[in-house]
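**Student:** One structure, as structure tokens, below. Some questions next.
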Amino acid sequence: MSKRGLGKGLSALIPSAGQEVGGEVLELGVREISPNPLQPRTDISDEQIEELTDSIKKVGVLQPIIVRPEGASYQIIAGERRWRAAQAAGLDRVPVRVMATTETEALALALIENLQREDLNPIEEARGYRRLITEYSMTQSELADRVSKSRSAVTNTLRLLDLPEDIQELLYEGKISAGHARAILSVADDDRRHTLARKCVDEGLSVREAENLAKLLAAGASIHAPRTVTPKSYKIVARRLRRLLAANVRVRQTANKGKIEIDFHGEAELERIVRLITEGDETSTRRADE
């Protein structure tokens with residue numbers, strides 16, 4: 003599957019993006035580089051750093067970190083995970099590309115780089131869009147054009163910030179999905195939004211179930227009917243799988259069958275989860291062959 007790309011290129015988004023200092027790949031000491039406080043991605047898990055650290059120990063940093071001059075040192079525009087993993091791997095120097103940008107241009111570039119890698123959760127993406135609109139004076143149409151998304155996709159993502167902050171936190175933590183959040187948004191008042199959000203989390207509702215309940219709430223119906231109690235064994239299995247996979251997992255019973263649901267953000271995390279699941283199967287196969 004191909005990655006999402008920038009339809010217009012960085013130079014169309016940021017006029018000065020082509021003004022690289024030197025242009026070639028350089029090497030800098032890791033201590034000469036500092037993280038970017040404008041980094042739109044705030045949730046960088048230890049597990050992801052550990053995986054990247056293992057890779058860097060074997061093959062090094064393959065993709066240069068993009069930095070900008072800041073006084074006598076440099077600040078990361080994109081590639082903070084690579085920088086952190088390089089430090090953990092014991093590297094003294096890392097490959098970089100130096101780019102002359104303003105702080106706002108650095109925010110735009112960091113957001114775009116994360117969008118290309120599908121590394122942002124929906125709330126981080128929405129907050130990044132809002133900052134670009136307010137600090138970079140972009141219209142929603144201009145922003146949609148620059149990030150190669152439809153205007154409606156950008157609008158729908160920004161609408162997630164209309165949710166109460168505690169529900170935004172559920173989405174940020176992966177306890178509900180963007181589909182659940184959009185269903186919750188379709189309910190007019192915050193009290194009913196909280197009611198639906200709690201049911202989504204407590205009962206592990208699918209997006210379709212959340213949408214159906216949202217329609218009932220919007221029509222003024224009550225959804226406080228007694229719910230099926232989740233067996234304790236399901237909760238124990240869900241906790242074990244969350245620890246094993248470092249992802250949000252739900253184990254629930256529907257009318258006719260049980261379900262295990264695993265949340266992930268982007269292809270990289272999906273590949274990581276599949277690798278963790280299949281490693282056990284591969285080990286069993288090897289033992290059977292011995």
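Quick note: the sequence shown uses my numbering, first residue 3, plus one each step. Where is the CB? At the ideal position from N, CA and C, for every residue including glycine.
(1) Could you tell me whether the stretch 171-182 touches the stretch 135-153, using the rule of 3 or more Cβ pairs below 8 Å?
(2) Rounded to the nearest angstrom, how far is the Cβ of Gly176 from that of Arg254, given a contact under 8 Å?
(3) For Ala212, which option in Lys201, Asp56 and Gly222 has the closest C-alpha, if you only look at C-alpha atoms?
(4) Quick one: grab the DSSP three-state call for Val156.
(5) Where does Val63 fall in DSSP's three states?
(6) What is the rounded straight-line gap between the Cα of Glu107 and the Cα of Thr197?
(7) Would Ile68 and Arg99 be called neighbours here (beta carbons separated by less than 8 Å)?
(8) Below 6 Å CB to CB, which residues in the same chain sit around Leu272 once its five sequence neighbours on both sides are set aside?
(9) Just the C-alpha distance for Gln65 and Ala110, rounded to the nearest angstrom, thanks.
(10) Arg83 and Ile51 - do their beta-carbons sit closer together than 8 Å?
(11) Val149 by DSSP, collapsed to three states: which one?
(12) Between the Cα of Val27 and the Cα atoms of Gly181, Leu93, Arg70 and Pro97, which residue gives the shortest distance?
(13) Is it buried or exposed for Arg252, if we count other Cβ within 10 angstroms and need 16 for buried?
(14) Under the assumption that Ile264 contacts Leu247 (Cβ atoms under 8 Å), give the Cβ distance between them as a whole number of angstroms.
(15) Quick one: measure Cβ to Cβ for Leu165 and Leu187, integer angstroms, because I've assumed they're closer than 8 Å.
(16) Would you decide whether Ser179 is buried or exposed? Buried here means 16 or more other CB atoms lie within 10 Å of its CB.
(17) Would you say Asn38 and Ala90 are within 8 Å of each other, going by their C-beta atoms?
(18) Helix, strand or coil: which one does DSSP assign to Val189?
(19) Which residue wins for smallest C-alpha separation from Ala223, given the options Arg161, Arg194 and Asp168?
**Tutor:** With the structure as the only source:
(1) Output reads no: the stretch 135-153 does not touch the stretch 171-182.
(2) About 16 Å separates the two Cβ atoms, so there is no contact after all.
(3) Looking at the Cα atoms, Lys201 is the closest of the given residues.
(4) Three-state result, Val156: helix.
(5) Correct three-state label for Val63: coil.
(6) Put simply, the backbone Cα of Glu107 is about 40 Å away from that of Thr197.
(7) Arg99 sits close to Ile68, with the two beta carbons spaced by under 8 Å.
(8) When the five nearest sequence neighbours on each side are left out, the beta carbons in the same chain lying within less than 6 Å of the beta carbon of Leu272 are those of Phe266, in order along the chain.
(9) Distance between the alpha carbons of Gln65 and Ala110 is about 19 Å.
(10) In contact: Ile51 and Arg83 (Cβ atoms closer than 8 Å).
(11) Val149 falls in the coil class under three-state DSSP.
(12) It is Pro97.
(13) In this structure Arg252 is buried. Its beta-carbon is surrounded by 16 or more other beta-carbon atoms within 10 angstroms.
(14) Contact holds; Cβ gap of about 6 Å.
(15) With 8 Å as the limit, Leu165 and Leu187 qualify as a contact, their Cβ atoms being about 6 Å apart.
(16) Ser179 is buried by the Cβ-count criterion.
(17) With respect to Ala90, Asn38 sits apart: the two C-beta atoms are not nearer than 8 Å.
(18) In this structure, Val189 counts as coil in the three-state DSSP scheme.
(19) Relative to the Cα of Ala223, the nearest Cα in the group Arg161, Arg194 and Asp168 belongs to Arg194.
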